[in-house]
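**Q** As given, the protein sequences belong to chains A and B, one line each in that order. Position 1 (the first sequence) corresponds to 636 in the numbering used here; numbering is contiguous. Position 121 (the second sequence) corresponds to 757 in the numbering used here; numbering is contiguous. Backbone N, C-alpha and C fix where the C-beta goes; we use that ideal spot for every residue, glycine too. Handing you this structure, nothing more for now.
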Amino acid sequence: MDDVKWLIAREIPHLRRYALALVGEPHAADDVVQDCLERALRKRSLWRREGSIRSWLYKILYNEHLQRLRRRRPTASLENEEIDLPTPALQESALHCHDIAEALQALPADQRAAILLVALEGMSYDAAAEILDVPIGTVRSRLSRGRAALREAGVGSEQEVRLRRLK
Amino acid sequence: MTSSGDDIGERDLLAYADGLLDQDPARKRAVELFLRGRPEEARRMRAYALQNEAIRTRFAGVLAEPVPERLSRLLDAERGRRPLRGAARIAASLALIAIGVVLGWAASESASQDEGVFVSRAVAGYRSGAASHAAALPPRENHLGWLSQQVAVNIDVPDLSALGLYPVSRSRLPTAEGHSTVRIEYGAPAGRRIVLVIGTRWQNRVPTIHLAREGGLRIAHWQDGPLSYGLVADSDAVPLEPVAEMIAERQERKIRAIGREPEVIRDVRSLGTPQPAALPAVEGNPAHDGETQGTGTRVN
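Laid out in structure tokens, this is it:
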């Protein structure tokens, strides 16, 4: 295995984690990771070694995810298609959401993508901006709006985190 | 670097909540000072930091999981056939017909060679699932996303700048015999000139449908552009040809109508139960709009 393939292989668990949080369903998430890896392997000569391979792979993953969403149906609710979520109900009544994964899926895809890059991967805003291919200001506003929505849904309360730790 | 409270904006607060100010102790202290007098904001930032922690905890398990074989094998053996992800999910409420669409990405040009190979794969696809008596799939499951992605091609003008060649013109050549072609001319400082022509390999025309038998099954199979189709039934009483023609005809129409939304099966049950009277005639032209699908159903 050449060294680039080895570097890519190392990233697979991180990619799978991000994809699961982003896509919401394990099999579909692994589909996106598979698409990402296939594309990355085809184009690995294009990876310029000054950047981190992780960022490069995340950019490909995110684009594969977007393409997948576009191909299904161009409506606002399309990112929730994999899971049968009562999305309008969640947004309207601001139910207290016990499962953060559900709350994340209720967010628009671009807000979710931004939050996950920062929360899961600890990325700086400019690294996230590079991956999402938007200006830093846009990343910040997506983070703001997404976090406010998550807060509305009751995610991130002290009690919740304590309970989670007990499990 | 200043510790004045006036300078602290939303961007600093967010960065603080996300732990991005850990390398900047002066600014971090300034934010903490700022928040001391503002309990609402402090609560908000604490909530955001907790969101991060909740997200990390929720998804931590995935990192520890062993990498599924379907992913790790991509890095072991790149060349050759792409791994198939399983048969496509089109199920009809017709208990007698199983429609199996299997992607054949063989590079072989020989039609008869492909035919023989594909019949076996269609039969294998048929056998890989038990007969389903379920209700029709909901409409949202009608788009074959991953299959479409396998065959969709996004082509850019090849970048030859490393060789000192730059594209100077691109034009579409007239479509001939159902082939689409693009012409790209590259020029170079030294006066070299080279032309790249890229065209579709498959013709845009209605394919020939072949019939075969294998292991007590009847198979109608054909190739259409990058895809192979195999329609499999277990009984002579089922008229395969009209169903095959309907699929082939629709596929051809979709390829021509570039830019329009793909048509979707709205109600699979409206394809009808296999009674000869209900299906379109075999001889002559396949059914056109309005003749058999009064409810406006089409095959994607």
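Under the three-state reduction of DSSP, which class applies to residue 860 of chain B: helix, strand or coil?
**A** Residue state, collapsed to three classes: strand.
**Q** With 8 Å as the limit, tell me which residues of the segment 648-675 of chain A have their beta carbon closer than that to any beta carbon of chain B; keep them in chain order.
**A** Cβ contacts with chain B: 648, 649, 651, 652, 655, 656, 665, 666, 668, 669, 670, 672 and 673.
**Q** If you draw a straight line from the alpha carbon of residue 670 of chain A to that of residue 670 of chain B, how long is it in whole angstroms?
**A** Distance between the alpha carbons of residue 670 of chain A and residue 670 of chain B is about 46 Å.
**Q** Using three-state DSSP, classify residue 701 of chain B as helix, strand or coil.
**A** Residue 701 of chain B: coil per DSSP, three-state reduction.
**Q** Cα separation between residue 766 of chain A and residue 699 of chain B?
**A** About 21 Å.
**Q** Does the distance from the CB of residue 877 of chain B to the CB of residue 855 of chain B come in under 9 Å?
**A** Against a cut-off of 9 Å, the Cβ pair of residue 855 of chain B and residue 877 of chain B comes out as no contact.
**Q** Let's see if you can read the secondary structure: which residues bound the beta strand (DSSP E) around residue 811 of chain B?
**A** Its beta strand (DSSP E) spans residues 802-812.
**Q** Between the Cα of residue 872 of chain B and those of B/792, B/884 and B/850, spot the shortest distance and give me the residue it belongs to.
**A** Ranking the options by Cα distance to residue 872 of chain B, first place goes to B/850.
**Q** Quick check on the DSSP output: what are the complete beta strand (DSSP E) runs of length 3 or more inside the segment 666-692 of chain B, in order along the chain?
**A** Taking only runs of at least 3 residues, no beta strand (DSSP E) segment lies wholly in the segment 666-692 of chain B.
**Q** Checking 9 Å against the spacing of the C-beta atoms, do residue 754 of chain A and residue 774 of chain A come in under that value?
**A** No, these two residues do not count as a Cβ contact at 9 Å.
**Q** Using DSSP's beta-bridge definition, name the partner residues of residue 850 of chain B.
**A** DSSP output for residue 850 of chain B lists B/853 as bridge partner(s).
**Q** In the DSSP output, what is residue 820 of chain B paired with across the bridge?
**A** B/806 and B/832, per the DSSP bridge assignment.
**Q** Inspect the beta-carbon positions of residue 880 of chain B and residue 865 of chain B and report whether they are closer than 9 Å.
**A** In contact: residue 880 of chain B and residue 865 of chain B (Cβ atoms closer than 9 Å).
**Q** From the DSSP output, read off the bridge partner residues of residue 874 of chain B.
**A** Residue 874 of chain B pairs with nothing; no bridge assigned.
**Q** Across the segment 643-654 of chain A and the segment 682-694 of chain B, are there enough close Cβ pairs to call them in contact, namely three or more that are closer than 8 Å?
**A** Verdict: no, contact absent.
**Q** For the alpha helix (DSSP H) that residue 670 of chain A lies in, which residues bound it at each end?
**A** Per DSSP, residue 670 of chain A belongs to the alpha helix (DSSP H) from 661-677.
**Q** Under a Cβ-count criterion, where at least 16 other Cβ atoms within 10 Å of its own Cβ denotes burial, should residue 664 of chain A be classed as buried or exposed?
**A** Counting Cβ neighbours within 10 Å, residue 664 of chain A comes out buried, since at least 16 surround it.
**Q** Output, in chain order, the set of chain B residues within a Cβ distance shorter than 8 Å of residue 775 of chain A.
**A** Ordered by position in chain B, the residues that pass the 8 Å Cβ test against residue 775 of chain A are 646, 647 and 650.
**Q** Could you check what DSSP says for residue 869 of chain B in three-state terms: helix, strand or coil?
**A** Of the three classes helix, strand and coil, the one that applies to residue 869 of chain B here is strand, per DSSP.
**Q** Using a Cβ cut-off of 7 Å, pull out every chain A residue sitting near residue 703 of chain B, in sequence order please.
**A** Those are 647 and 648, listed as they occur along chain A.
**Q** Would a C-beta distance cut-off of 9 Å place residue 793 of chain B and residue 820 of chain B closer than the cut-off?
**A** For residue 793 of chain B and residue 820 of chain B, yes; Cβs fall inside 9 Å.
**Q** Between B/675, B/857, B/646 and B/843, which has its C-alpha nearest residue 756 of chain B's C-alpha?
**A** Nearest of B/675, B/857, B/646 and B/843 to residue 756 of chain B, Cα basis: B/857.
**Q** Could you tell me the alpha carbon to alpha carbon distance between residue 648 of chain A and residue 698 of chain A, rounded to whole angstroms?
**A** Near 18 Å, if we compare the C-alpha coordinates of residue 698 of chain A and residue 648 of chain A.
**Q** Determine, for residue 864 of chain B, whether the minimum Cβ-Cβ distance to residues of chain A falls below 9 Å.
**A** False, the Cβ-Cβ gap to chain A never drops below 9 Å.
**Q** So which residues of chain E does residue 749 of chain A contact, with C-beta pairs closer than 8 Å?
**A** Absence of chain E from the displayed structure is noted, the protein chains being A and B.
**Q** Report buried or exposed for residue 835 of chain B, applying the criterion of at least 16 other Cβ atoms within 10 angstroms of its Cβ.
**A** Exposed, since its Cβ has fewer than 16 Cβ neighbours within 10 Å.
**Q** Please work out which residues of its chain come closer than 6 Å, Cβ to Cβ, to residue 758 of chain A, disregarding the five sequence neighbours upstream and downstream, and give them in chain order.
**A** Cβ neighbours of residue 758 of chain A beyond the five flanking positions: 752.
**Q** How long is the line joining the alpha carbons of residue 644 of chain B and residue 833 of chain B, rounded to whole angstroms?
**A** Distance between the alpha carbons of residue 644 of chain B and residue 833 of chain B is about 58 Å.
**Q** Taking the alpha helix (DSSP H) that residue 645 of chain A belongs to, which residues open and close that run?
**A** Note, residue 645 of chain A: alpha helix (DSSP H), 638-658.
**Q** Taking just the CA atoms, how far does residue 685 of chain B sit from residue 644 of chain A?
**A** If you take the alpha carbons of residue 644 of chain A and residue 685 of chain B, they lie about 31 Å apart.
**Q** Mind checking if residue 644 of chain A is an interface residue toward chain B, Cβ cutoff 9 Å exclusive?
**A** True, the Cβ-Cβ gap to chain B drops below 9 Å.
**Q** Should residue 697 of chain A be flagged as near chain B, meaning a C-beta pair shorter than 9 Å?
**A** False, the Cβ-Cβ gap to chain B never drops below 9 Å.
**Q** Got a sec? Which residues, its chain only, sit under 7 Å from residue 760 of chain A by beta carbon, not counting five neighbours each side?
**A** These residues qualify, in order along the chain: 771, 774 and 775.
**Q** Please return the same chain residues whose Cβ sits closer than 7 Å to the Cβ of residue 661 of chain A, not counting the five positions on each side in sequence.
**A** Around residue 661 of chain A: 655.
**Q** How is the alpha helix (DSSP H) around residue 774 of chain A delimited, first residue to last?
**A** Per DSSP, residue 774 of chain A belongs to the alpha helix (DSSP H) from 771-787.
**Q** If you count every other CB in all the chains shown that lies within 10 Å of the CB of residue 693 of chain A, and 16 or more means buried, which is it?
**A** Buried, since its Cβ has 16 or more Cβ neighbours within 10 Å.
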